[in-house]
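Q:
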Amino acid sequence: MKKIHKIAISTILALSVILFIVVAAWQPCAYAFIVPAILTVVGLSYLGAVFFVSKSENKKKNMIAAVNA
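If you're matching positions, the sequence shown starts at 1109 in this note's numbering and goes up one per residue.
#1: What are the boundary residues of the alpha helix (DSSP H) that includes F1159?
#2: Rounded to whole angstroms, how far is the Cβ of G1151 from the Cβ of I1129, which I believe are closer than 8 Å?
#3: Tell whether a beta-carbon distance below 9 Å holds between V1143 and L1127.
#4: What's the C-alpha gap between S1162 and A1132?
#5: In angstroms with no decimal places, state the Cα-to-Cα distance between K1165 and F1141.
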């Protein structure tokens, strides 16, 4: 499951960089940076959410194991 999340994050960030280059070449102005910046923030937020969820799942498993022991 973690491998899938890493691939998703890599894809989001790669698409963001590609879009950044395309938009900057097409229209070099301040607004050209908004969409890639938003995609990058969304990608990093997703990565943070995945990390937080995986840590909380590990805590939950450890608590269940402690109760069952």
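C-beta atoms are modelled at their ideal positions from N, C-alpha and C, and glycine is treated no differently.
Just so we're clear, the structure is a prediction, and the values are computed from it rather than from any experiment.
A: In brief:
#1: F1159 -> alpha helix (DSSP H) spans 1142-1176.
#2: Between G1151 and I1129 a beta carbon distance of about 16 Å is seen, past the 8 Å cut, so the two are scored as non-contacting.
#3: Between V1143 and L1127, the gap from beta carbon to beta carbon is short of 9 Å.
#4: Near 36 Å, if we compare the C-alpha coordinates of A1132 and S1162.
#5: Before going on, a small fix: residue 1165 reads as Glu here, not Lys. Roughly 36 Å separates the two Cα atoms.
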